[in-house]
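Q: Positions 15 to 85 (the working numbering) are the ones given, in order, by the sequence shown. We put the CB at the ideal spot given by N, CA and C, even for glycine. Note that the coordinates shown come from a computational prediction; the quantities given were computed from them, not determined experimentally. The structure under discussion is supplied below as structure tokens; questions concerning it will follow.
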Amino acid sequence: MNTHDALHAVLEGEVPDAARALDADDQTALAALISQSRQRQQRQLREALEDALGYVPGILRGTVRKVLFPQ
């Protein structure tokens, strides 16, 4: 997989002209940064949802957790 393909996969779509104009090393770095950012965002969202469960009555938490975090 070349760097353009990696960036295309991370962006899940068309690579903007500005990103395409970057050299291979910068495209690789950009793809890594985007991937890391998405992972961090997912982790923070999960933590926020877990914190929000504290406001759900205890008897309902298991059911709500299953809805929010399906396996």
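Determine the extent of the alpha helix (DSSP H) in which G27 is found, giving its start and end residues.
A: For the purposes of this step, residue 27 is taken as the residue at position 13 of the sequence shown. Premise fails: G27 is in no alpha helix (DSSP H) and is neither H nor E.
Q: Give the secondary structure of G35 by DSSP, where H, G and I count as helix, E and B as strand, and everything else as coil.
A: Position 21 of the sequence shown, counted from the first residue, corresponds to residue 35. What sits at residue 35 in the sequence shown is Ala, not Gly. Correct three-state label for A35: coil.
Q: Going by Cα to Cα distance, which pick from I48, D37, A38, D31 is closest to V23?
A: Against the sequence shown, residue 23 aligns to sequence position 9. Position check: residue 23 holds Ala in this sequence, whereas Val was assumed. Of the candidates I48, D37, A38, D31, the one whose C-alpha sits nearest the C-alpha of A23 is I48.
Q: Can you give me the C-alpha to C-alpha distance between Q53 and I73, rounded to a whole angstrom?
A: In the sequence shown, counting from the first residue as 1, residue 53 sits at position 39. In the sequence shown, counting from the first residue as 1, residue 73 sits at position 59. Near 31 Å, if we compare the C-alpha coordinates of I73 and Q53.
Q: Report yes if the C-beta distance between L25 and L36 is below 8 Å; otherwise report no.
A: Here residue 25 refers to the residue found at position 11 when the sequence shown is read from its first residue. Here residue 36 refers to the residue found at position 22 when the sequence shown is read from its first residue. Contact: no.
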